[in-house]
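*Asks:* Quick one: the structure is below, and I'll ask about it shortly.
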Amino acid sequence: MDPSLRSAAKNGDVRFLRQAVSLQTSEYFLSKTPKDELGVLGGNIFHVSAWAHREEFFREAIKLLPEDVLKCLLFQTEDDFRYTPLHAAAVKGDASHAIVKLIIEFYTSITWATDDLDDDTGKPWLALTHDNRMPLHLALKDNKVNEPCALELMAVDADLVSCTIVDDEGCTPLFYALENGFNQVSEKILMSPLPFASTFRDVDGLTPFHLAYDCSDNIWRLLFENCVDYIDKINDQGFTVLHLWAEKGEAGPCKLLLETNDFGELKTKIFKKLVYATEDIKADTPMHIAATKKHSELAQIMIRGYQQQQASVVIVENQEPVSVECPPWKIENKDGNTPLHTALYVGSSHEEFALQILSIDPLSCQIRNNKGESPFFLAVTSGCARAVEEILKIGGPRFDLLRRNDGQTVLHCLPSCPENIGRKLLEKYWWMINLTDDSGKTALDKAKEANVLWLVNLLTYPSLIKKERFDWVAACQRGETEAVLAFINHCQDLQRACREENDTPLHHIKLDTYEGYLNLLKIPSIRELKNITDHDGATPLHRVLERKDMLLAKMLLLDDGVERTIIDHKGRTAMDLLVKLYQENADWERMCKQIRIDPYMQTSYIQPRTNLDQIRSNLSVVDALLATITFAAGFTLPGGLDDKTEEAILAKKAAFLVFLVADVYAMCTAMLVLFCLIWSMVSEPNMARLLVDRSVFILMQSLYGTLLAFMTGIFTVISKSSLWAAILVFVMCLTIGVFINRTIFNNVIAKLVLATSTNAKKRDQMRLLEEGRAGTSSAGNNTLCKAE
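Next up, the structure:
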């Protein structure tokens with residue numbers, strides 16, 4: 001192309017064009033120019049004037065040039081991209097709208113012969129570029145304000161054939177119209193009978209649903225009505241339309257989709273397809289992405305959409321609502337994170353979203369991810385103070401929610417928390433201070449590494465912490481054995497705590513292994529609780545048998561220090577409960593036989609592992625002494641014998657007869673004890689233990705008989721001469737006889753010990769009070785001296 005002609009077309013020099021038409025031939029105007037060094041596309045004079053949107057030059061050329069030249073020029077393509085002048089005008093959009101109209105008017109005003117055209121269709125608006133784009137594609141794709149130009153191109157295409165053409169990117173004009181918010185174009189296409197749904201995905205897997213951010217409500221309704229089956233399609237990255245909206249924070253379309261009431265049952269279908277869809281890489285739902293990107297408005301729209309779905313469920317015959325799905329905020333991705341986890345990972349900047357989920361579903365804080373992190377743990381780690389307080393108000397998390405898989409507890413993460421929250425957590429979870437993570441570090445070690453002085457001070461001196469009560473009953477019921485063990489190991493005065501609660505952890509704890517119980521009973525503070533009774537008078541062995549914990553029952557039954565004869569408030573011993581289990585369950589029967597315990601053979605004084613030889617030796621010495629004393633007393637009668645008749649002088653007195661019967665009773669029972677001890681030496685173990693146990697009881701009877709014989713013998717001798725002395729002896733012996741009852745004796749001794757302890761405590765308090773007064777007085781004197 002002549003440079004002067006190209007310059008005239010580019011600058012709109014109509015005068016030069018008129019001169020050239022009068023002087024030059026047709027070949028002069030049909031020449032083309034390549035694109036220049038600046039990258040401006042070339043072509044013929046119509047291409048150049050269209051690129052430069054020179055409407056007047058274009059209009060004048062159509063008037064002056066011959067028809068055959070115009071036909072060639074308007075169908076001629078530039079070399080690089082095969083653009084016709086109509087393509088060039090469409091690219092320039094609104095600025096070249098008039099040029100588009102001029103070209104279309106020219107095309108429609110003349111008659112075309114098929115052999116006149118390079119394109120056998122005879123419709124230049126269907127001409128394709130190198131990438132299979134028509135002028136309509138370009139009008140919609142490259143300019144955000146080009147809708148009038150696109151409508152002009154569609155108007156000349158009565159059948160809208162151009163709207164079905166797919167370019168090399170897999171897009172029809174509808175894709176570009178939706179992406180740029182061209183509502184009139186989109187509406188015209190969607191309301192036509194065209195088979196546009198057959199080309200509803202591009203080469204990247206995107207559908208118009210992924211692109212339609214700025215469209216009107218009516219366009220969305222048309223899409224939902226005509227193409228809803230494509231709304232859940234994923235692109236090559238595994239994202240649905242809602243994933244992309246969440247990524248970009250596009251709340252408008254989501255709000256229309258999830259909160260409008262116009263779609264009826266279609267809305268439920270769409271909701272399920274989108275809100276619960278997971279992408280391929282991390283299995284994130286749109287709510288996960290919204291939480292990550294801090295797009296709380298879009299996440300809240302999804303929550304409201306779910307709540308509306310739940311509120312509109314149908315009630316079936318049994319009056320139970322049909323659930324739509326589990327809440328979208330409880331869906332876990334591949335890392336086990338829910339949207340609540342994701343929001344807390346982001347930190348305090350996205351705490352509002354976390355608080356909203358906690359307010360509508362408090363139980364969501366009980367979900368742990370694959371690392372073992374609960375929302376409470378992450379709230380502490382991220383310093384989300386309000387989320388921490390909200391979860392504590394809910395009731396406080398279980399122990400497993402306080403610890404991560406690597407052993408770190410929430411106390412390890414306190415350096416990230418504000419001081420007021422850190423102090424509150426220390427007051428509540430003080431019993432975890434000494435727990436270590438997998439690397440052996442305690443909370444104090446982490447505090448020192450972070451150089452948090454207030455935390456280091458509290459962890460170094462735990463006595464400064466105002467400790468809350470630890471509810472071991474609830475912890476045991478929830479199976480939080482690690483928490484109970486941590487409390488036991490850290491509590492410095494477990495017995496006092498158990499007395500205050502009238503209960504012990506041993507009454508409730510349940511472990512999974514025999515070794516665990518073995519290690520538990522090795523703890524000194526636990527060994528001291530083996531026979532403590534709770535508020536119902538039950539020992540740990542009672543409770544273990546009631547809940548049928550065979551492992552711990554076996555441990556306690558084999559322990560020599562565990563008493564089996566303590567009676568609870570229901571009048572039952574632990575052996576009574578064991579008898580019932582023995583009768584009803586073959587496993588318990590086998591266990592009893594394995595540890596050689598006969599539940600029917602209940603002893604009152606001898607424990608299973610008692611050294612019978614030593615007991616026999618001690619009992620035989622005492623019993624022989626009693627037998628000797630009572631035998632001798634039978635021949636040394638009170639009052640003596642009559643010298644004439646050789647009969648007892650006081651034989652007719654009632655007191656003497658009582659003495660004689662009591663002495664004989666004591667001697668006979670003593671002899672019976674000897675026989676029991678002898679037979680125990682040749683009996684099988686259970687029977688031997690039973691005989692020795694009964695020997696203790698019979699020996700007690702012998703002692704009672706001996707005491708009664710002594711008491712009545714003294715009364716018989718001195719009652720006439722000194723009645724008051726006889727009565728005093730009688731009362732003293734009777735008092736001893738009453739108090740040697742085992743139950744009464746134990747209660748009296750316990751009260752005496754408690755009174756002694758209370759008096760000592762009061763004395764210590766008085767001493768401290770006096771010292772305090774003395775210190776105050778001294779300080780007052782010092783103050784006075786300074787004042788003077």
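Take the sequence shown: its position 728, counting from 1, is numbered 728 in UniProt numbering, and each next residue is one higher. Using N, Cα and C, we set each Cβ at its ideal position, and we do this for glycine too. Because the structure is a prediction, the values reported are computed rather than measured.
Report the rounded CA-to-CA distance for D167 versus N132, giving the unit in angstroms.
*Replies:* Using only the alpha carbons, I get a separation of about 5 Å.
*Asks:* What residues in its chain sit with their C-beta under 6 Å from that of L464, if we drop five residues either side in the sequence?
*Replies:* Contacts found: L458.
*Asks:* Looking only at DSSP bridge pairs, what is T33 linked to?
*Replies:* G43.
*Asks:* Identify which residue in G249, K293, A291 and G305 has its Cα closest to the Cα of V275.
*Replies:* Measuring from the Cα of V275, the nearest candidate turns out to be G305.
*Asks:* Tell me, please, whether the stretch 584-604 touches the stretch 663-672 by the rule of three or more beta-carbon pairs shorter than 8 Å.
*Replies:* In short, these stretches do not touch, since the Cβ pair count stays below three.
*Asks:* Starting from the C-beta of V456, find all residues in its chain whose C-beta is less than 8 Å away, skip the five residues before and the five after it, and write them out in chain order.
*Replies:* Once the five neighbours on either side are set aside, the close Cβ partners of V456 are L444, A447 and K448.
*Asks:* Where do the N-terminal and C-terminal ends of the alpha helix (DSSP H) with G705 fall, by residue?
*Replies:* Unbroken alpha helix (DSSP H) run through G705: P685 to I718.
*Asks:* For K580 and N420, I'd like the C-alpha separation in whole angstroms.
*Replies:* Approximately 54 Å, taken between the alpha carbons.
*Asks:* Quick one: give me the first and last residue of the alpha helix (DSSP H) that W220 is part of.
*Replies:* Note, W220: alpha helix (DSSP H), D217 to C227.
*Asks:* With 8 Å as the threshold, decide whether the Cβ of K141 is near any Cβ in chain C.
*Replies:* Absence of chain C from the displayed structure is noted, only one protein chain being present.
*Asks:* If you draw a straight line from the C-alpha of C171 to the C-alpha of L194, how long is it?
*Replies:* Rounded to the nearest angstrom, the two C-alpha atoms are 15 Å apart.
*Asks:* Does Q19 come out as helix, strand or coil in the three-state DSSP assignment?
*Replies:* DSSP places Q19 in helix when its eight states are reduced to three.
*Asks:* Hey, out of S702, I678 and Q701, whose CA is closest to V692's CA?
*Replies:* Among S702, I678 and Q701, the Cα nearest to that of V692 is on I678.
*Asks:* Based on Cα-Cα distance, which residue from W430, N180 and V185 lies nearest to R469?
*Replies:* The shortest C-alpha separation from R469 is found at W430.
*Asks:* Please classify F675: is it buried, with 16 or more other beta-carbons within 10 angstroms of its beta-carbon, or exposed?
*Replies:* It is exposed - the Cβ of F675 has fewer than 16 other Cβ atoms within 10 Å.
*Asks:* Go ahead and label C326 buried or exposed: buried means 16 or more other beta carbons lie within 10 angstroms of its beta carbon, across all protein chains shown.
*Replies:* C326 comes out exposed.
*Asks:* Can the beta-carbon of V388 be found less than 8 Å from the beta-carbon of S416?
*Replies:* Result no, Cβ atoms of V388 and S416 do not sit closer than 8 Å.
*Asks:* Who are the near neighbours of G372 in its chain, counting only those whose CB is closer than 6 Å to its CB and skipping five residues on each side?
*Replies:* Once the five neighbours on either side are set aside, the close Cβ partners of G372 are R404 and N405.
*Asks:* Could you say which of A538, L578 and Q583 lies nearest to residue 817 if we only look at CA atoms?
*Replies:* Residue 817 is absent from the model: the chain starts at 1 and stops at 788.
*Asks:* With DSSP collapsed to three states, give me the class of T539.
*Replies:* In this structure, T539 counts as coil in the three-state DSSP scheme.
*Asks:* Can you tell me the Cα-Cα spacing of L126 and V161, whole angstroms?
*Replies:* Near 8 Å, if we compare the C-alpha coordinates of V161 and L126.
*Asks:* Ordered along the chain, which non-local residues of its own chain (more than five positions away) have a Cβ less than 8 Å from that of A725?
*Replies:* For A725, where only same-chain residues beyond five positions count, the Cβ hits under 8 Å are I718.
*Asks:* Leaving aside the five residues before and after E351 along the sequence, list all residues of the same chain whose C-beta is less than 7 Å from its C-beta, in chain order.
*Replies:* Closer than 7 Å at the Cβ level, and outside the excluded window around E351, lie C384, R386 and A387.
*Asks:* When burial is assigned at 16 or more other CB atoms within 10 Å of the CB, is K522 buried or exposed?
*Replies:* That one is exposed.
*Asks:* Between T240 and A277, is the Cβ-Cβ spacing less than 8 Å?
*Replies:* Taking 8 Å as the Cβ cut-off, T240 and A277 qualify as a contacting pair.
*Asks:* Can you tell me the Cα-Cα spacing of P173 and F377, whole angstroms?
*Replies:* Rounded to the nearest angstrom, the two C-alpha atoms are 51 Å apart.
*Asks:* To the nearest angstrom, report how far apart H490 and P328 are at their CA atoms.
*Replies:* Cα to Cα, the separation comes out at about 41 Å.
*Asks:* Ordered along the chain, which non-local residues of its own chain (more than five positions away) have a Cβ less than 7 Å from that of S757?
*Replies:* Reliability of the predicted coordinates at S757 is poor, the pLDDT of 49 falling under 50, and no value is obtained from them.
*Asks:* Can you give me the start and stop residues for the alpha helix (DSSP H) that G634 sits inside?
*Replies:* First-last of the alpha helix (DSSP H) with G634: L612 to G634.
*Asks:* Distance, Cα to Cα, I714 vs V729?
*Replies:* Their backbone Cα atoms lie some 8 Å apart in a straight line.
*Asks:* Rounded to whole angstroms, what is the Cα-Cα separation between R572 and M601?
*Replies:* For R572 and M601, the distance between alpha carbons rounds to 15 Å.
*Asks:* Measure from the alpha carbon of L30 to the alpha carbon of each residue in L435, L73, A150 and D13, then state which is nearest.
*Replies:* Checking every option, the nearest Cα to that of L30 belongs to L73.
*Asks:* What does a CB cutoff of less than 6 Å around D438 pick up in its chain, not counting 5 residues either side in sequence?
*Replies:* Within the same chain, D438 has close Cβ partners D406 and G407.
*Asks:* Excluding sequence positions up to five away, which residues of its chain have a Cβ less than 6 Å from the Cβ of I234?
*Replies:* T240, listed in sequence order.
*Asks:* Relative to the alpha-carbon of P462, which residue among D471, K428, L485 and G440 has its alpha-carbon at the smallest distance?
*Replies:* Looking at the Cα atoms, K428 is the closest of the given residues.
*Asks:* Would you call the CB atoms of L211 and F182 closer than 8 Å?
*Replies:* No, they are not a contact pair.
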